[in-house]
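To start, the structure under review is shown below, and the notes come after it.
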Amino acid sequence: MSKTLTLAEVAAHDREEDCYLIIGNERTGGAKVYDVTKYLDEHPGGDAVLLELAGKYADDMFEDIGHSMNARQQLKEFLVGTLDATEEELQALRAPAHTGNGDSFLLVAVAGALVAAVGGYFVFMA
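What follows is the structure in structure tokens.
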């Protein structure tokens with residue numbers, strides 16, 4: 001049965017044994033709350049990314065990854081309810097996600113190293 005939760009209630013579910021995420025926006029039907037605790041070990045991207053956002057607004061990251069329709073369907077299995085928050089509160093939750101904490105630089109650096117390694121392999125194997 002679906003229920004309505006506050007930001008404070010969701011924030012209390014912020015650990016590996018009890019992991020809620022807020023996913024959704026006005027375009028996708030509103031912010032919804034999901035209990036992904038039982039999914040942590042199955043998540044293809046690993047549990048760390050989910051735990052980093054435990055008890056928080058995770059929609060920006062969810063959308064940025066470009067999840068498949070299958071992933072979106074599977075998410076429905078974990079629905080707890082809807083989020084009781086104003087549009088202003090949701091905007092405030094979004095702001096920290098885009099402050100830039102250096103993760104983008106790390107991703108570019110790792111991708112560059114991978115390209116160099118593959119290129120080096122082909123040069124030496126030719």
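Okay, so the sequence shown: first residue is 1 according to UniProt numbering, each after it adds one.
By construction, the Cβ of each residue, glycine as well, lies at the ideal position given by its N, Cα and C atoms.
Sheet register partners of residue i (DSSP bridge)
i          : result
residue 4  : 82
residue 23 : 32
residue 15 : 18
residue 56 : 21
For residue j and residue i, the rounded distance between their alpha carbons
i          : j          : result
residue 79 : residue 59 : 14 angstroms
residue 29 : residue 83 : 11 angstroms
residue 91 : residue 43 : 27 angstroms
residue 62 : residue 73 : 13 angstroms
residue 14 : residue 47 : 13 angstroms
Exposure label - residue i; buried when at least 16 CB within 10 Å
i           : result
residue 124 : exposed
residue 32  : buried
residue 10  : buried
residue 118 : exposed
Proximity of residue i and residue j at Cβ, strictly below 8 angstroms
i          : j          : result
residue 85 : residue 55 : no
residue 94 : residue 57 : yes
residue 22 : residue 75 : no
residue 19 : residue 4  : no
residue 53 : residue 16 : no
Boundaries (first-last residue) of the alpha helix (DSSP H) holding residue i
i          : result
residue 64 : 59-65
residue 87 : 87-94
residue 52 : 47-52
residue 75 : 69-75
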